[in-house]
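J.: Protein chains in written order, with the numbering used here: chain A, 1 to 88; chain B, 89 to 496.
Glycine included, each C-beta is placed from N, C-alpha and C at the ideal position.
Below is a structure I'd like to ask you about.
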Amino acid sequence: MSRPALLIDNILPQIVDILGCYNKSSTTQSITLKTDLSADLNLDSLGVMDLMMDLEEKFDITIPLNLMPEIKTVDDLANIIIKLAAES
Amino acid sequence: MGLFDRFQNIQQQFQRLKASGDSPFTVQMQQILSQTEAIIEGRHTILMGTNNYLGLTFDKRCQEASIKAVRESGTGTTGSRIANGSYADHQGLEDDLAKFYDKKHCMVFSTGYQANLGIISTLAGPDDFLLLDADSHASIYDGAKLGSATVIRFRHNDAKDLNRRLLSLQDKPGNKIIVIEGIYSMLGDKAPLADFVAVKKKYANTYIIVDEAHSMGVLGKTGRGLCQEDGVEADIDFVVGTFSKSLGAVGGFCVSDHPQFEYLRLACRPYMFTASLPPATMASVRTALKIVEQEPALRLRLWQNVEFFYHHLQQLGFRLGTTKSPVVPIYMPDPGTGFRFWQTLLHSGVYANMALPPATPMGTALLRFSICSAHQQDQLQKVVEIVKQVADKISYFADKPLARMAVA
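Structure (structure tokens):
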């Protein structure tokens, strides 16, 4: 049974919500699709991996570690979640 | 962007640490006095930060075997086994290990890191899936990165999460290889092996590798590790381990009953393209292996020391790792406090390990102690007293009430 396709506008608030727990930067800049996980949120490699685990649970998907190099911004993240959810 | 620009952040952090005095990354032991003592910065220091669980680095029998091997076979092999040939001791050591584990096959590697790198990267092919415990050692992650399989991480020690991920993969072709550790190096906790084995058995083409680096010599009736202690050895496909902890030397190995295991010798690059273990190391390891098997009293003393040290730190009110094991971590409320604690301890004559994120789980800072069977109780008592004095000196509990845990 395939599930309904996810839309970026619908999932962005959920991603932002989870990202809020991982934001290590001192700036209060709001998180947008352009936000860079490393440069803007100061996430280290382990932080990114833990974040992925929370997102995997939230969207019931599996994000292979091999995809990490492709994920730099929130936009990349949202698109990968949409793609993986469509495949599962 | 400059060649080294991306390391600037880490370099700045290191410089800040260095500016405040000793850095955990540059400690130099000027003289090693014994398994448990060294001279550091001119001070007599008790070693609480080695992985020398059975204290075999100074065992006379291991030392003499090494010296004899150097005299008879020289200082090094000067090449790889594939290109430059094996010594009789390479095969001898592999036979000893296979016998020790009651397995049919064994391959030795030049380091434990290379054992994981080699086995993980070679076993899992492009169509396969590697399932790694989230708290895995860097060598396991690096092995996955070197290989070509799809890499999936499951929640630490969570068999339910592993099951969820295997379930989602069950219709996909390709082998599934689960990688877990016997004892985890930072928190000292053990894998729930029986639960993982039960999950593994539900799925076809699914294998388990257990890295017994910190549990070999420490757990199990004859020191084989957690698989032996939990009675699941027959269900584990590959056991990886190291010679650099309980066996007091350097090197790594993998044992297995898989009938095609020997194929790896011609496919596993971290095995094929590196200089092989030198004679002195093989000789001391072969001797140490016999001692591990034949002298359970060493393990008994180790666990008595663990009980003593863990109990006394707990009584002082520190928040410790939840599992009693030869790795005893104190949770630090933040990296700064951890660093001050570590540094003051060193200046007071106790060497422990400072573990900082991202090397630690969940971004925690840990002051990590490791116990040796050769620690005398008066040494451990002294360490406990010094730890207490340091906590008082840096107002550890006064400043950070969260650092304290309720004593049951």
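Cβ of Asn23(A) less than 8 Å from any chain B Cβ?
T.: Not closer than 8 Å to any Cβ of chain B, the Cβ of Asn23(A) fails to qualify, so no.
J.: Give the interface partners of Arg456(B) over in chain A, defined as CB-CB distance under 9 Å, in chain order.
T.: Simply none; closest approach about 17 Å.
J.: Quick check on Arg104(B) - is its C-beta less than 8 Å from some C-beta in chain A?
T.: Not closer than 8 Å to any Cβ of chain A, the Cβ of Arg104(B) fails to qualify, so no.
J.: With distances taken from CA atoms, which of Ala85(A), Leu12(A), Ile8(A), Tyr22(A) is nearest Pro64(A)?
T.: If we check each option's Cα against that of Pro64(A), Ala85(A) comes out closest.
J.: Listed from N- to C-terminal order along the chain, which residues in the segment 52-70 of chain A have their beta-carbon within a distance smaller than 7 Å of any beta-carbon of chain B?
T.: Cβ contacts with chain B: Met53, Thr62, Pro64, Leu65, Asn66.
J.: Report the neighbours of Ser45(A) on chain B: residues whose CB is nearer than 9 Å to its CB, in chain order.
T.: What Ser45(A) touches in chain B: Pro446.
J.: Alpha carbon to alpha carbon, what distance is there between Glu395(B) and Tyr201(B)?
T.: About 30 Å.
J.: Just verifying my parser: in three-state terms, what is the DSSP assignment at Phe113(B)?
T.: Phe113(B): coil per DSSP, three-state reduction.
J.: Just checking, does the segment 100-119 of chain B make contact with the segment 433-449 of chain B on the three C-beta pairs under 8 Å criterion?
T.: Yes: at least three Cβ pairs fall under 8 Å.
J.: Specify whether the segment 295-315 of chain B and the segment 332-341 of chain B touch according to this definition: at least 3 beta carbon pairs, one from each stretch, less than 8 Å apart.
T.: Touching, yes, given that three or more Cβ pairs across the two stretches are closer than 8 Å.
J.: Reducing DSSP to helix, strand and coil, say where Met304(B) ends up.
T.: If DSSP states are grouped into helix, strand and coil, Met304(B) belongs with coil.
J.: Just to confirm before moving on: does the CB-CB distance between Leu314(B) and Ala363(B) stay below 8 Å?
T.: In this structure, Ala363(B) does not lie closer than 8 Å to Leu314(B) by Cβ.
J.: Alpha carbon to alpha carbon, what distance is there between Val239(B) and Ile82(A)?
T.: The alpha-carbon atoms of Ile82(A) and Val239(B) are separated by roughly 19 Å.
J.: Using 8 Å for Cβ pairs, my map puts Ile268(B) next to Val298(B). What's the rounded Cβ distance?
T.: Contact flag correct, Cβ pair sits at about 6 Å.
J.: In chain order, what residues of the same chain have a beta carbon less than 7 Å from the beta carbon of Glu160(B), not counting five sequence neighbours either side?
T.: Contacts found: none.
J.: Among Leu77(A), Leu67(A), Ile61(A), Asp76(A), which has the Cα closest to the Cα of Arg3(A)?
T.: Minimum Cα distance to Arg3(A) is reached at Ile61(A).
J.: To be precise: take each residue of the segment 236-250 of chain B, compare its Cβ to all Cβ atoms of chain A, and keep it if any distance is under 8 Å. Which residues remain?
T.: Cβ contacts with chain A: Thr238, Val239, Ile240, Arg241, Arg243.
J.: Of all Cβ atoms in chain B, is any one closer than 8 Å to the Cβ of Ser30(A)?
T.: It does not; no Cβ of chain B falls within 8 Å.
J.: Output yes if chain A places a C-beta closer than 8 Å to the C-beta of Ser227(B); else output no.
T.: By this cut-off, Ser227(B) is not an interface position.
J.: Out of Asp223(B), Tyr141(B), Arg407(B), Pro423(B), point me to the one whose CA is closest to Phe485(B)'s CA.
T.: Measuring from the Cα of Phe485(B), the nearest candidate turns out to be Arg407(B).
J.: Name the chain A residues whose beta carbon is nearer than 8 Å to that of Ser224(B)?
T.: Neighbours of Ser224(B) on chain A: none; closest Cβ ~11 Å, over 8 Å.
J.: Scan the segment 197-223 of chain B for residues whose Cβ lies nearer than 9 Å to a Cβ of chain A and list them as they occur along the chain.
T.: For the segment 197-223 of chain B, which is checked against every Cβ of chain A, the residues closer than 9 Å are Phe217, Leu218, Leu220, Ala222.
J.: Among Phe188(B), Lys476(B), Phe427(B), which one has its Cα closest to the Cα of Lys106(B)?
T.: For Lys106(B), the nearest C-alpha among the options comes from Phe427(B).
J.: Would you say Ser256(B) reaches chain A, if we count a Cβ-Cβ gap shorter than 8 Å as a contact?
T.: Yes, Ser256(B) lies at the interface with chain A (some Cβ there is under 8 Å from its Cβ).
J.: Indicate the three-state DSSP secondary structure (helix, strand or coil) for Pro261(B) in the structure shown.
T.: Three-state DSSP puts Pro261(B) in coil, outside helix and strand.
J.: Under 7 Å Cβ to Cβ from Ala282(B), same chain only, skipping five residues before and after it: list those, please.
T.: For Ala282(B), where only same-chain residues beyond five positions count, the Cβ hits under 7 Å are Asp318, Val320.
J.: Does DSSP classify Glu129(B) as helix, strand or coil?
T.: Correct three-state label for Glu129(B): coil.
J.: On the CB-based measure, 16 or more other CB atoms within 10 Å of its CB, does Cys194(B) come out buried or exposed?
T.: With 16 or more Cβ atoms within 10 Å of its Cβ, Cys194(B) is classed as buried.
J.: Looking at the secondary structure, which residues open and close the alpha helix (DSSP H) in which Thr369(B) lies?
T.: Thr369(B) -> alpha helix (DSSP H) spans 367-382.
J.: Tell me which residues share the same chain as Ala494(B) and place their Cβ nearer than 6 Å to its Cβ, disregarding the 5 neighbours each side in the sequence.
T.: Confidence in Ala494(B) is poor, its pLDDT being 42 and thus under 50, which makes the residue's placement too unreliable to answer from.
J.: Rounded to a whole number of angstroms, what is the C-alpha to C-alpha distance between Ala391(B) and Leu67(A)?
T.: At residue 391(B) the sequence reads Trp, which differs from the Ala that was named. Cα-Cα distance, rounded: 43 Å.
J.: Strictly under 8 Å for the Cβ-Cβ distance: is Arg253(B) near chain A by that measure?
T.: Arg253(B) counts as touching chain A.
J.: Assign Ile155(B) to one of three DSSP states: helix, strand, or coil.
T.: If DSSP states are grouped into helix, strand and coil, Ile155(B) belongs with the helices.
J.: So, is Ala496(B) buried or exposed, given that buried needs 16 or more other C-beta atoms within 10 angstroms?
T.: Residue placement at Ala496(B) cannot be trusted, given a pLDDT of 32 that sits under 50; the coordinates are not used to answer.
J.: Spell out a yes or no on whether the segment 183-193 of chain B and the segment 345-355 of chain B are touching, meaning 3 or more CB-CB pairs, one atom from each, closer than 8 Å.
T.: Yes: the two stretches touch, three or more of their Cβ pairs being nearer than 8 Å.
J.: Identify each residue in the segment 273-284 of chain B for which the Cβ-Cβ distance to at least one residue of chain A is less than 7 Å, and report them in chain order.
T.: Cβ contacts with chain A: none found.
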